[in-house]
Amino acid sequence: MFLAVNGEKVEHRGDGTVLSLLAELGTTPEHTAVTVNGDLVFSKDWKNFKFNDGDTVEVLTFVGGG
Amino acid sequence: MLKLGNVEFRSRLILGTGKFSDTETMLKAIEASGTELVTVALRRFNREKPGDDLCAPLAKLKNVRLMPNTSGAMNAKEAVRAAQLGRELSGSPFVKVEIHPNPHHLMPDAIETWLAAKELAADGFIVLPYIPADPVLAKKLEDVGCAAVMPLGAAIGSGGGLSMAEMIRLIIRDSNIPVIVDAGLRAPSEAARAMEMGCDAVLVNSAIAAAKDPVAMARAFALGVETGYAARQAGLMPKSDVAVATSPLTSFLKQDGSV
């Protein structure tokens, strides 16, 4: 399926869960927060939450800031 | 001890983590400063620059808590969303609410900041809003449950110093919650002055990160904060418009014996 991840169209070949996408992206899951179509998806739900084709996903992490 | 929400801190210096040339320097500066609370910002994960991710390096630091900020938020709604994401990622109840829609001066939006602070405090966050140096707004933020108020000394990153000193004095006079000068400081002497005035802490980022030697400057700011706070505890002498002699003005040196 195709997802819009951080503003880019990405083909997701995994099982459609958040964890699977995070692995594809090469992130460290515990260092990310995820929203799907604007809503926060809690990390406890990442194993079970399933994307729909065309979902807008934001994968966020901490960077330096004042 | 500085108390923010239900958490006590020995250090009265809060550090921002932006603008450092590299992560190693940032970590050393944090250690040299003795801070126990640092701000971080949320950004999209960047596959090209995985090294920008601060979660792993910051997790190495002991006794340092994270305070995610809401930078990038243009209004209260976005700030609340950023705060929720920051809490989910950090596990920390602290949030620095900052909403500054104009990139030219980065002045905080008082109305949106109040709206966001009210909602987040009700949701259990320990809320520290970055605000214009406005005593009326500061009091209203105290009323909605903020853990502290953080008036700006001068514009973010400007090094303008304590240009808002008189307004900050008014905030301190009326406040029942900690007052933390955030933004604008350039020199440790300004941090000392803020503490002497009655501030409870200062938040410093650019002055340390953009110094020639950030680690040494972090230490200098720690000393400045400590000095200013110690001076306030000691009690400054009263001011006088005229000279008050420190030595006895006796007349024994006069040749004619007059008194």
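Just so you know, the protein sequences line up as chains H and C, in that order. Heads up, the first sequence is in my numbering, so the first residue is 1 and it goes up one at a time. Heads up, the second sequence is in my numbering, so the first residue is 1001 and it goes up one at a time. In this text, a Cβ means the ideal position worked out from N, Cα and C, and glycines have one as well.
query: Taking proline 1132(C) as the reference, which of Phe1094(C), Ala1147(C) and His1100(C) has the closest Cα?
result: With distances taken between Cα atoms, proline 1132(C) lies closest to His1100(C).
- prompt: DSSP state of lysine 47(H), grouped into three classes?
  reply: Correct three-state label for lysine 47(H): coil.
query: Less than 8 Å separating the beta-carbons of leucine 1120(C) and alanine 1083(C)?
result: Yes, they are a contact pair.
field: C-beta contact flag for valine 18(H) and valine 5(H) at 8 Å
entry: Taking 8 Å as the Cβ cut-off, valine 18(H) and valine 5(H) do not qualify as a contacting pair.
message: Please state the DSSP three-state secondary structure of methionine 1026(C).
response: In this structure, methionine 1026(C) counts as helix in the three-state DSSP scheme.
query: Do threonine 1025(C) and valine 1038(C) have their C-beta atoms within less than 8 Å of each other?
result: A distance of 8 Å or more separates the beta carbons of threonine 1025(C) and valine 1038(C).
message: One question on the structure: do proline 1135(C) and methionine 1107(C) come within less than 8 Å of each other, judged by their Cβ atoms?
response: With contacts defined by Cβ atoms closer than 8 Å, proline 1135(C) and methionine 1107(C) do not form a contacting pair.
query: Relative to the alpha-carbon of alanine 1218(C), which residue among Pro1238(C), Ala1110(C), Gly1198(C) and Ser1189(C) has its alpha-carbon at the smallest distance?
result: Closest by alpha carbon: Ser1189(C).
- prompt: Are the C-beta of glutamate 1088(C) and some C-beta of chain H separated by less than 8 Å?
  reply: At least one C-beta of chain H is nearer than 8 Å to the C-beta of glutamate 1088(C).
query: Within 8 Å (strictly less), CB to CB, does threonine 1039(C) reach chain H?
result: Chain H has a Cβ within less than 8 Å of the Cβ of threonine 1039(C).
message: Tell me the rounded alpha-carbon separation between serine 1033(C) and glycine 65(H).
response: About 17 Å.
message: Cβ closer than 9 Å: which chain H residues qualify as neighbours of threonine 1113(C)?
response: Those do not exist, as threonine 1113(C) stays about 16 Å from chain H at its closest Cβ, beyond 9 Å.
query: Would you report the Cα separation of methionine 1237(C) and alanine 1073(C), rounded to the nearest angstrom?
result: Taking the Cα positions, methionine 1237(C) is about 45 Å away from alanine 1073(C).
query: In chain order, what residues of the same chain have a beta carbon less than 8 Å from the beta carbon of serine 20(H), not counting five sequence neighbours either side?
result: Residues His12 and Gly14 of the same chain have their beta carbon placed closer than 8 Å to that of serine 20(H), with the five preceding and five following residues left out of the count.
query: So the beta strand (DSSP E) arginine 1047(C) belongs to, where does it begin and stop?
result: Per DSSP, arginine 1047(C) belongs to no beta strand (DSSP E) and is neither H nor E.
message: Please confirm whether glutamate 58(H) has its beta-carbon closer than 8 Å to some beta-carbon of chain C.
response: Judged by the 8 Å Cβ criterion, glutamate 58(H) is in contact with chain C.
- prompt: Which residue comes first and which comes last in the beta strand (DSSP E) that contains isoleucine 1126(C)?
  reply: Looking at the DSSP string, the run of the beta strand (DSSP E) that includes isoleucine 1126(C) is 1126-1131.
- request: Using only alpha-carbon positions, find the residue among Ala1231(C), Lys1077(C), Cys1199(C) and Pro1178(C) that is nearest to aspartate 39(H).
  value: The shortest CA-to-CA distance from aspartate 39(H) to any of Ala1231(C), Lys1077(C), Cys1199(C) and Pro1178(C) is the one to Lys1077(C).
field: Top-ranked residue by Cα proximity to alanine 1029(C), from Gln1233(C), Ala1243(C) and Asn1205(C)
entry: Sorting Gln1233(C), Ala1243(C) and Asn1205(C) by C-alpha distance to the C-alpha of alanine 1029(C) places Asn1205(C) at the top.
task: Less than 8 Å between the CB atoms is what I'm expecting for proline 1151(C) and glycine 1124(C), so what's the real figure, rounded?
output: With a Cβ gap of about 24 Å, proline 1151(C) and glycine 1124(C) do not count as contacting.
- prompt: Nearest chain C C-beta to phenylalanine 62(H) closer than 8 Å, yes or no?
  reply: Yes, phenylalanine 62(H) counts as interfacial toward chain C.
task: Return no unless some Cβ of chain H is closer than 8 Å to the Cβ of phenylalanine 1094(C).
output: So no, phenylalanine 1094(C) is outside the interface.
- prompt: Who are the Cβ neighbours of glycine 1145(C) in its own chain at under 6 Å, not counting the five residues just before and after it?
  reply: The answer, listed in chain order, is Ala1121.
message: Only counting the same chain, and skipping five residues up and downstream in sequence, which positions put a Cβ closer than 7 Å to that of serine 1071(C)?
response: Exclusion of the five residues before and after serine 1071(C) leaves Ala1041 and Glu1098 as the residues of its chain whose Cβ lies within less than 7 Å of its Cβ.
message: So the candidates are Ala1110(C), Thr1246(C), Ala1191(C) and Ser1251(C); which of them puts its Cα closest to the Cα of tyrosine 1229(C)?
response: Nearest C-alpha to tyrosine 1229(C): Ala1191(C).
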